[in-house]
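Novice: Numbering (the UniProt record's numbering), first residue to last: 1 to 676. For glycine and all other residues, C-beta sits at the position ideal for the given N, C-alpha and C. Since we're looking at a predicted model, the values are computed, not measured.
1) Counting Cβ pairs, one atom from each stretch, are 3 or more of them under 8 Å apart for the region 94-102 and the region 338-347?
2) Quick check on residue 400: buried or exposed, where buried means 16 or more other Cβ atoms within 10 Å of its Cβ?
3) Is residue 235 buried or exposed, if buried means 16 or more other CB atoms sit within 10 Å of its CB?
4) In terms of DSSP beta bridges, what is residue 283 paired with?
5) Based on the DSSP output, what are the partners of residue 234 in its beta bridges?
6) Since residue 530 and residue 537 should fall inside the 8 Å C-beta cutoff, what is the C-beta to C-beta distance between them, to a whole number of angstroms?
7) For residue 271, does the three-state DSSP call read helix, strand or coil?
8) Rounded to the nearest angstrom, how far is the Cβ of residue 131 from that of residue 376, given a contact under 8 Å?
9) So the candidates are 95, 426 and 217; which of them puts its Cα closest to the Cα of residue 231?
10) Are there 16 or more other CB atoms within 10 angstroms of the CB of residue 509, so buried, or fewer, so exposed?
11) Do residue 120 and residue 69 have their C-beta atoms within less than 8 Å of each other?
12) Identify whether residue 711 lies in helix, strand or coil by the three-state DSSP scheme.
13) So, with DSSP's three-state summary, where would you put residue 372?
14) Below 8 Å on the Cβ atoms is my contact criterion, and I expect residue 358 with residue 371 to pass it. Report the Cβ-Cβ distance as a whole number of Å.
15) For a minimum of 4 consecutive residues, which ranges assigned as the alpha helix (DSSP H) are wholly contained in the region 65-146?
16) Under a three-way DSSP split, which group does residue 300 fall into?
17) Does residue 242 pass the burial test, meaning 16 or more other C-beta atoms within 10 Å, or should it be called exposed?
18) Is residue 436 closer than 8 Å to residue 443 when the C-beta atoms are compared?
19) If you follow the alpha helix (DSSP H) that residue 366 is in, where does it begin and where does it stop?
20) Please list the terminal residues of the continuous alpha helix (DSSP H) segment that includes residue 463.
21) Can you check DSSP and say which residues form a bridge with residue 677?
22) Could you work out which residue in 325, 184 and 93 is closest to residue 367 when comparing CA atoms only?
23) Roughly how many angstroms separate the alpha carbons of residue 390 and residue 244, rounded to a whole number?
24) What separation, rounded to the nearest whole angstrom, lies between the Cα atoms of residue 434 and residue 209?
25) So the candidates are 369, 428, 354 and 153; which of them puts its Cα closest to the Cα of residue 395?
26) Would you check if the distance between the CB atom of residue 60 and the CB atom of residue 213 is smaller than 8 Å?
27) Tell me whether the region 153-160 and the region 498-507 touch, counting them as touching only if at least three CB pairs, one residue from each stretch, are closer than 8 Å.
28) Measure the C-alpha to C-alpha separation of residue 43 and residue 523 and round it to an integer number of angstroms.
29) Does the region 299-318 come within contact of the region 121-140, defined as at least 3 CB pairs closer than 8 Å?
30) Among 39, 34 and 445, which one has its Cα closest to the Cα of residue 320?
31) So what does residue 442 bridge to, in DSSP terms?
32) Have a look at 180, 468 and 176 and flag the residue whose alpha-carbon is nearest the alpha-carbon of residue 417.
33) Would you call residue 630 buried or exposed, if buried means 16 or more other Cβ atoms sit within 10 Å of its Cβ?
34) Can you give the beta carbon distance from residue 221 to residue 122, rounded, assuming they're within the 8 Å contact cut?
35) In terms of residues, what are the limits of the alpha helix (DSSP H) holding residue 489?
36) Using the Cβ count rule (16 or more neighbours within 10 Å means buried), how would you classify residue 36?
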């Protein structure tokens, strides 16, 4: 079983041979100090890449998002509204953008507060896709990937569980709407200043040189302005001036003339003077795509590829720098500070302090995606435990809603009440979610769910991509399509699926905690086909496809798929070099048969800290040759037998202070290892 104890994370201390202790100490200090500016530089580029990534998604799917918001018939369905919030936030990669669109629709009267609340819940779910994508960048190291993916998906699990409870409650009772309305009616809210933009002051000088967007286009499309459909999201003119001038226009009849606008006759035509307002463009923007002839989609795809490349590069460099800086006693001290609770009886206060820290940091950077994405690498390398990352994430949810409240307070007086109520609904949704899933330790289900997802993803790395596609694209799209077909069809499909999922969950819990309450047949899922209760068949299929598509000739050490005529040495080499086949804590895996006259080669993984045990058979008339390695610092035990009728011979022991390993062969097809 895999351990989650963060204090066991290994941080080796760098060694600099050839220097005396005094010079070595100064050299280490100099190198570490010089890494700090690089750390901030990579962090700055990482945040800028997230900003450009958001712009790329808006260019690629912003108009589609606006069209989705324009269909009020669909938004009246709470489930459809939830899905719309998820899809739109994933498309534009910004919950702030989707929330501002909702506020604009409510303020203009095109959308009521009742329909807006499910969209806000969906935007809460959609915004968590960013840090999940960031976690994928740590897939190279299995242990780091497990921690990072668990730390990222704890946000998803919290949002989904909160929606499962609060969406039906809101649909039946209107709890959030009534609560926010009571606050608006109680306090005399006056319009305030524009919400502060602390992080953008630092990032915009760079991101504005790459791309600038006219976000009013998406809002205009959502509000039904057809003229906006033909406008580009790429901003061309950054400075303009409103020019008012008097022009002579002809009128059809002198009765249209007034004392304010006198008329005169000229050539049998009645003329009058009218004031015309013109928007005069003064100065063009200065970014890479200001004079581009490319479409919005093409620009968005280019920026998407470049921003993802920059994001991956910055994240990898950040992780390497953090690993080199957080070593030895420094790492242990930071772990103790971040992950240790207060002394008894105030230990419970540490989590609530973390919530406040998460809210404050998110308020400073003005983006929950930026904050949660920034702590994901720290979770991966073991500096922040998932137990501490959970309250930080909850605080981040609150921080992003306070920014929305300040933005609502900057609305005009006639739109202030509706905008403020929508922002309060978002705030109360997160507060109620925290009350449901944090104060009582036994209710912290998101942590257990995230750990399970992390362990599953570490074992099957492709599961992370499948999770992203299912949770943020395929399932929301399917529910959206069903909602368009009518609530009867959606209920007819959704109710049986929900009932089946509930039944499976209950049976799984009983299998773990109360197996005696179940019939013998239901105490395990072995009576079902393997593909219905295990990912192993799909993993085997994907592994075969991956191996057969590999170009072994172009890269040394990679073995291409071939027929069964290959020898055992080549088979075992392929199994050992392929990381996909070496899973943690798995039972022996039969790779393939060597041929008609040979017994199979079996590769056995002993665990994360042990080298594999390779069992190789040279033929059916010989007993297996077993090569066992107990660890990287131990000599292997070689057990050789020259025939089926001979007992095995122990050649080497495991070390000076350890007893030998005796391998007993029960026959050609059975091998058993016993340590004395």
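Specialist: Quick look at the numbers:
1) no
2) buried
3) buried
4) 239
5) 213
6) 6 Å
7) strand
8) 5 Å
9) 217
10) exposed
11) no
12) Outside the shown range of the chain, which is 1 to 676, sits residue 711, and nothing can be said about it.
13) helix
14) 7 Å
15) 72-75, 78-92, 95-107, 113-126 and 129-136
16) helix
17) exposed
18) yes
19) It is not in any alpha helix (DSSP H) - residue 366 carries neither H nor E in the DSSP assignment.
20) 462-469
21) Residue 677 lies beyond the range of the chain shown here (1 to 676); nothing can be said about it.
22) 93
23) 56 Å
24) 40 Å
25) 354
26) no
27) no
28) 50 Å
29) yes
30) 39
31) DSSP lists no partner for residue 442.
32) 180
33) Reliability of the predicted coordinates at residue 630 is poor, the pLDDT of 44 falling under 50, and no value is obtained from them.
34) Not really, about 19 Å apart at Cβ, beyond 8 Å.
35) 487-513
36) exposed
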